[in-house]
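Note that our numbering numbers the sequence shown so that position 151 is 1452, with each residue one more than the last.
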Amino acid sequence: DRGEARQADVQYSLLMNLRHKADSRTVARGMLGLAELEDLNGPPIRSGSLVAQATELYKVTEPDPELLAYRTEGLMEIALFQEDRGDTLGMLDTYRTMIALDDGDVLGLDGFARTAVAAGVQLEEATRCALRAMVYSDKDARIIGTLAETYYRRGLYTKAIRWIELSIEREPDERHYRERLAAYEAARDQGPRYRRR
């Protein structure tokens, strides 16, 4: 913080050398903490490398029990770090990791769908993830809303309307769903992009 870059590099190296003496969860969280500092004060390449190393710790097939118990939480911390830095592709990769480790991980599935919708990318995959998240969450209204949005962004307005109506049915007092329904109906009624599916 005082701009003593050389001394900071020495301390950074000492910390990295000590990582083999700590449990995996502590190391992963420490790497993320260092990445935050690096992101503020150092070259972005190093913070990206630290995030990648922290992610790799959570990816191992047989992590120590401590790490396994906190894997979803740790990967969500990484995704939030990436969100703060506007790293959409990094977030999508982190959510993909969560899904690969547990194909029923609602946070990973929903996170991927929401991130993809917000960025307007990989919308078909986002739809598949939102569908699975909706099933595994026992039809959570918010996740159904995400699913509806994936269909809307793909121009499939009839499907979007059908799903957002289910969100309204499950949470009738939530104004946001009614606003989305009005937007979907307006898009459908405009004509050319309307698809009957």
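Heads up, the beta-carbon is just placed ideally off N, CA and C, and yes, glycines get one too.
If you draw a straight line from the C-alpha of Gly-1375 to the C-alpha of Val-1328, how long is it? As a position in the sequence shown, residue 1375 is number 74, starting the count at 1. As a position in the sequence shown, residue 1328 is number 27, starting the count at 1. So the alpha carbons of these two residues sit roughly 11 Å apart.
In three-state DSSP terms, what is Tyr-1396? As a working mapping, residue 1396 is identified with position 95 in the sequence shown. In the structure shown, Tyr-1396 sits in a helix (DSSP, three-state: H, G or I).
Nearest neighbour of Asp-1439, chosen from Gly-1412, Arg-1415, Leu-1424 and Arg-1471 [CA to CA]: Within the sequence shown, residue 1439 is the residue found at index 138, counting from 1. Answer by Cα proximity: Arg-1471.
With a threshold of 8 Å between beta-carbons, can Tyr-1437 be considered close to chain B, or not? No chain B is part of this structure, which consists of one protein chain only.
Report yes or no: do three or more beta-carbon pairs, one from the segment 1375 to 1387 and one from the segment 1423 to 1433, lie closer than 8 Å? Touching, no.
Would you say Arg-1407 and Thr-1447 are within 8 Å of each other, going by their C-beta atoms? In the sequence shown, counting from the first residue as 1, residue 1407 sits at position 106. In the sequence shown, counting from the first residue as 1, residue 1447 sits at position 146. Rather than Arg, the amino acid found at residue 1407 in this sequence is Val. No, these two residues do not count as a Cβ contact at 8 Å.
Arg-1443 versus Arg-1415: straight-line alpha-carbon distance, rounded: Along the sequence shown, one-based indexing puts residue 1443 at 142. Along the sequence shown, one-based indexing puts residue 1415 at 114. Approximately 11 Å, taken between the alpha carbons.
Output the distance between the C-alpha atoms of Ala-1353 and Lys-1322, rounded to the nearest integer angstrom. For the purposes of this step, residue 1353 is identified with residue 52 of the sequence shown, where counting begins at 1. For the purposes of this step, residue 1322 is identified with residue 21 of the sequence shown, where counting begins at 1. Rounded to the nearest angstrom, the two C-alpha atoms are 20 Å apart.
Does the distance from the CB of Arg-1481 to the CB of Ala-1449 come in under 8 Å? Counting from 1 along the sequence shown, the entry for residue 1481 is found at position 180. Counting from 1 along the sequence shown, the entry for residue 1449 is found at position 148. Yes; because the gap between Cβ atoms is below 8 Å, this pair is in contact.
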